[in-house]
Amino acid sequence: MKKEIIISGFGGQGVLSMGKILAYSGLMEDKEITWMPAYGPEQRGGTANVTVIVSDERISSPILSKYDVAIVLNQPSLDKFEPKVKPGGILIYDGYGVFNPPTRKDITIYRINAMDKAAEMKNAKVFNMIVLGGLLKVCPVVSTDGLKKALFKSLPERHHNLIPLNMEAVEEGMKIITQQ
Amino acid sequence: MAEQDVKLMKGNEAIAHAAIRCGADGYFGYPITPQSEIIETLAALKPWETTGMVVLQAESEVASINMIYGGAGAGKRVLTSSSSPGVALMQEGISYMAGAELPGVFVNVQRGGPGLGTIQPSQSDYFQATRGGGNGDYNVIVLAPSSVQEMADFVDLAFELAFKYRNPAMILSDGVIGQMMEKVVLPPQKPRRTEEEVRKECPWASMGRTADRNPNIITSLELKPEIMEERNLHLQEKYRQIRENEVRFETQQCEDADYIIVSFGSAARIGEKAVELARESGLKVGLFRPITLWPFPSKQLAELCKGKKGVLVSEINAGQMVQDVRLAINGALPVEHFGRLGGIVPDPEEIVKALKEKLVK
Chain A
1 MKKEIIISGF GGQGVLSMGK ILAYSGLMED KEITWMPAYG PEQRGGTANV TVIVSDERIS
61 SPILSKYDVA IVLNQPSLDK FEPKVKPGGI LIYDGYGVFN PPTRKDITIY RINAMDKAAE
121 MKNAKVFNMI VLGGLLKVCP VVSTDGLKKA LFKSLPERHH NLIPLNMEAV EEGMKIITQQ
Chain B
1001 MAEQDVKLMK GNEAIAHAAI RCGADGYFGY PITPQSEIIE TLAALKPWET TGMVVLQAES
1061 EVASINMIYG GAGAGKRVLT SSSSPGVALM QEGISYMAGA ELPGVFVNVQ RGGPGLGTIQ
1121 PSQSDYFQAT RGGGNGDYNV IVLAPSSVQE MADFVDLAFE LAFKYRNPAM ILSDGVIGQM
1181 MEKVVLPPQK PRRTEEEVRK ECPWASMGRT ADRNPNIITS LELKPEIMEE RNLHLQEKYR
1241 QIRENEVRFE TQQCEDADYI IVSFGSAARI GEKAVELARE SGLKVGLFRP ITLWPFPSKQ
1301 LAELCKGKKG VLVSEINAGQ MVQDVRLAIN GALPVEHFGR LGGIVPDPEE IVKALKEKLV
1361 K
């Protein structure tokens, strides 16, 4: 198993953190991992993206031109990465951030209204965890158990009280993701 | 792997952890993207409270390199890190250290240039690293890591080589390897050397004269040309020994290959994927990765390329290592170059396309 995933959105949406939690989850399950952020001007406002590769075998390039899964959280990211999903791959987009929905027929497209759900949960910060839940529902690259362990391992102890809320967001994401 | 302590971290963070664990005595540096996590991680780990290692943010790169000169002169294991424009500022000090035969470790997490350039990854300091970089006839030992694990492993190796040959050693990395997170097994904690050990292992060090020896003088200056030529000949003999004994490289799928991609550092990781893609399309391609850029594995590359159809040198610059490859191959087969510039990192498909266009035709 090897999944090459790109996550892209606005700086501040938690794109890099989502990738990091996914990477830590892979670590918990003894997988090979690379996490490669765009660390340039993106980090300082604009679009941010991160490539996460989770694999059972040695990983070659951390830089890719085609992806198994693209998670896009705003329109510029969709425009950039929709053409870069491999045929037969998966594209997940947030309904709030994207006003021109994707149109490709040779990939599976999922919509997740994570921004709306985060507003409903009255916590904008769990937005990325809702999206991550959606990903794990349609592409279980790591288990929710691995994810939970990763949160315990990667978060400082003073934030462990937030883990149940984050896991709740993951479960909500799993419920609300729908195929387009 | 289960019983080992596997961590997930950035290449830059791995450098910081490895520096403490290999018993370094001091780090002196000035922050610059894309390598600031090195000094940030050192500051967070506070090794001065555990191993006694000094971590100091200098007022500039010029100050850091001269602190390295001082620390190394006292026989200490000291390192600094920077990115391309900052390393350019250090070249005078590195030349002085080569002249005074001082061991020190330098990490260059390269970004695009020239000048202040960009903060995005590049490999355009290959010439600067492998040709000396400063004034005079000298060489720096250059190691090119292509993974976070190698970022961790090469710190101790660089110190070992630097002290073995009393010569500066550089880890030539780039923004990809510095910023990327991967799994890493950190080296075990070594104790810092005691004063007695330093006196024994570095009899040349200037650390307070004892009654039983003459003063140690550390300088690169010598005004009598006869003596200066002797010194230079001594350096050249040392470089010959390094070339003979310290070449390191790695090959992948070269045995049955018709074409060889030669790449170092992050470009070699992308090259590895290009080999996978090329083989999927029916082309027999292998990868040759120099690990030491100086000394360059010339003989080994020439030997390996016998009977092949062509070589593509893929590096993230306008064509630098390709010169060493051409010298090694010496006209025996076509050698072409592919690179992207200014902070653009090529993707694996571009490399396969370049290989087909330039060599397969």
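Residue numbers (the working numbering), protein chains in the order written: chain A, 1 to 180; chain B, 1001 to 1361. The C-beta atom is built at its ideal place from N, Cα and C for all residues, glycine as well. Small disclaimer: the values here were computed from a predicted structure and weren't measured.
Residue nearest to residue i in terms of C-alpha spacing, selected from the options
{"i": "G1265(B)", "options": "R1243(B), E1303(B), E1276(B) and M1321(B)", "result": "M1321(B)"}
{"i": "M1009(B)", "options": "I1177(B), R1111(B) and F1127(B)", "result": "I1177(B)"}
{"i": "P1121(B)", "options": "P1085(B), P1103(B), L1089(B) and N1139(B)", "result": "P1085(B)"}
{"i": "V1062(B)", "options": "E1160(B), Y1138(B) and M1090(B)", "result": "M1090(B)"}
{"i": "V1184(B)", "options": "I1015(B), V1360(B), N1330(B) and G1093(B)", "result": "I1015(B)"}
{"i": "T144(A)", "options": "N49(A), I6(A) and M28(A)", "result": "M28(A)"}
{"i": "A1100(B)", "options": "G1310(B), L1235(B) and E1250(B)", "result": "L1235(B)"}
{"i": "G97(A)", "options": "D79(A), I53(A), K31(A) and I21(A)", "result": "D79(A)"}
{"i": "R1340(B)", "options": "V1006(B), I1039(B) and R1111(B)", "result": "R1111(B)"}
{"i": "K1273(B)", "options": "L16(A), K117(A) and L64(A)", "result": "L64(A)"}
{"i": "P1346(B)", "options": "R1269(B), R1213(B), Y1259(B) and P1334(B)", "result": "R1269(B)"}
{"i": "G89(A)", "options": "I5(A), M115(A) and A169(A)", "result": "I5(A)"}
{"i": "L132(A)", "options": "Y93(A), S60(A), V170(A) and M115(A)", "result": "V170(A)"}
CB of residue i within 8 Å of CB of residue j, strictly
{"i": "K1190(B)", "j": "G1023(B)", "result": "yes"}
{"i": "V1285(B)", "j": "L1186(B)", "result": "no"}
{"i": "I1316(B)", "j": "D1174(B)", "result": "yes"}
{"i": "R1326(B)", "j": "T1292(B)", "result": "no"}
{"i": "G1132(B)", "j": "S1124(B)", "result": "no"}
{"i": "T1080(B)", "j": "G1134(B)", "result": "no"}
{"i": "E82(A)", "j": "L73(A)", "result": "no"}
{"i": "A1205(B)", "j": "A1074(B)", "result": "yes"}
{"i": "L1102(B)", "j": "A1072(B)", "result": "yes"}
{"i": "G95(A)", "j": "A48(A)", "result": "no"}
{"i": "G1310(B)", "j": "P1334(B)", "result": "yes"}
Cβ-based neighbour list, residue i, same chain, cut-off 6 Å, excluding 5 preceding and 5 following
{"i": "M36(A)", "result": "T51 and P62"}
{"i": "W1294(B)", "result": "T1130, N1139 and V1142"}
{"i": "G19(A)", "result": "I7, W35, V50 and V52"}
{"i": "D56(A)", "result": "M1"}
{"i": "S1082(B)", "result": "I1032 and E1061"}
{"i": "I163(A)", "result": "L151"}
{"i": "V944(B)", "result": "Any answer about residue 944(B) is impossible in this case: the structure gives chain B only from 1001 up to 1361."}
Rounded separation between residue i and residue j - CA only
{"i": "P156(A)", "j": "G26(A)", "result": "19 Å"}
{"i": "K3(A)", "j": "I107(A)", "result": "15 Å"}
{"i": "I33(A)", "j": "R58(A)", "result": "9 Å"}
{"i": "A1318(B)", "j": "Y1126(B)", "result": "11 Å"}
{"i": "V1055(B)", "j": "E1150(B)", "result": "22 Å"}
{"i": "A1129(B)", "j": "V1105(B)", "result": "13 Å"}
{"i": "H159(A)", "j": "E172(A)", "result": "21 Å"}
{"i": "K86(A)", "j": "G134(A)", "result": "19 Å"}
{"i": "M1001(B)", "j": "L1277(B)", "result": "Any reading at M1001(B) needs caution, since the residue's pLDDT is 41, under 50, leaving its predicted position unreliable; the model's value is listed next. For M1001(B) and L1277(B), the distance between alpha carbons rounds to 29 Å."}
{"i": "E1195(B)", "j": "P1297(B)", "result": "37 Å"}
{"i": "G9(A)", "j": "P1034(B)", "result": "22 Å"}
{"i": "R1231(B)", "j": "K1353(B)", "result": "49 Å"}
{"i": "K1200(B)", "j": "M1207(B)", "result": "12 Å"}
{"i": "K105(A)", "j": "A1158(B)", "result": "53 Å"}
{"i": "R1193(B)", "j": "A1328(B)", "result": "40 Å"}
{"i": "G1312(B)", "j": "E1336(B)", "result": "For the record, residue 1312(B) in the displayed sequence is Leu; it is not Gly. So the alpha carbons of these two residues sit roughly 5 Å apart."}
{"i": "M1181(B)", "j": "E1357(B)", "result": "34 Å"}
{"i": "A1302(B)", "j": "E1250(B)", "result": "14 Å"}
Own chain partners of residue i with C-beta closer than 7 Å, once the 5 adjacent residues on each side are dropped
{"i": "Y24(A)", "result": "A150, K153 and S154"}
{"i": "G1271(B)", "result": "I1261, S1263, L1287, S1314 and I1351"}
{"i": "Q1323(B)", "result": "none"}
{"i": "L1161(B)", "result": "I1141, A1169 and E1246"}
{"i": "A1058(B)", "result": "F1028, G1029, Y1030, S1064 and M1067"}
{"i": "N166(A)", "result": "V126, M129 and L151"}
{"i": "E1037(B)", "result": "K1010, N1012 and E1013"}
{"i": "K117(A)", "result": "I130, E172 and I176"}
{"i": "L16(A)", "result": "P37, A48 and V50"}
Neighbourhood of residue i by C-beta, 8 Å cutoff - its chain only, sequence neighbours within 5 removed
{"i": "I1020(B)", "result": "L1042, L1045, P1047, T1050, T1051, M1053 and Q1189"}
{"i": "A1257(B)", "result": "K1284, V1285, G1286 and K1308"}
{"i": "Q180(A)", "result": "P101, P102, I109, Y110 and R111"}
{"i": "R1209(B)", "result": "P1215 and N1216"}
{"i": "K1306(B)", "result": "A1332"}
{"i": "R1243(B)", "result": "P1295"}
{"i": "T1118(B)", "result": "R1111, G1112, G1342 and G1343"}
Q. What runs of the beta strand (DSSP E), each 3 residues or longer, lie entirely inside the stretch 1054–1132 of chain B?
A. 1054–1057, 1078–1082 and 1104–1110
**Q.** Minimum length 3: unbroken beta strand (DSSP E) runs contained in the stretch 1235–1280 of chain B
**A.** 1249–1252 and 1259–1262
(Q) Going residue by residue through the stretch 1028–1057 of chain B, where are the continuous alpha helix (DSSP H) segments of at least 4 residues, counting only ones entirely within it? (A) 1037–1045
Q.
To test your reading of the DSSP string, which unbroken alpha helix (DSSP H) runs of 4 or more residues are found completely within the stretch 1169–1248 of chain B?
A. 1175–1179, 1195–1201 and 1225–1245
Q.
At 3 residues or longer, what runs of the beta strand (DSSP E) sit wholly inside the stretch 94–178 of chain A?
A. 108–112
Q: Only counting runs of 4 or more residues, tell me where the alpha helix (DSSP H) segments fall wholly within the stretch 1284–1329 of chain B, in order along the chain.
A: 1298–1304 and 1321–1329
Q) Which whole runs of the alpha helix (DSSP H) in the stretch 55–94 of chain A are 4 residues long or more, in chain order? A) 75–81
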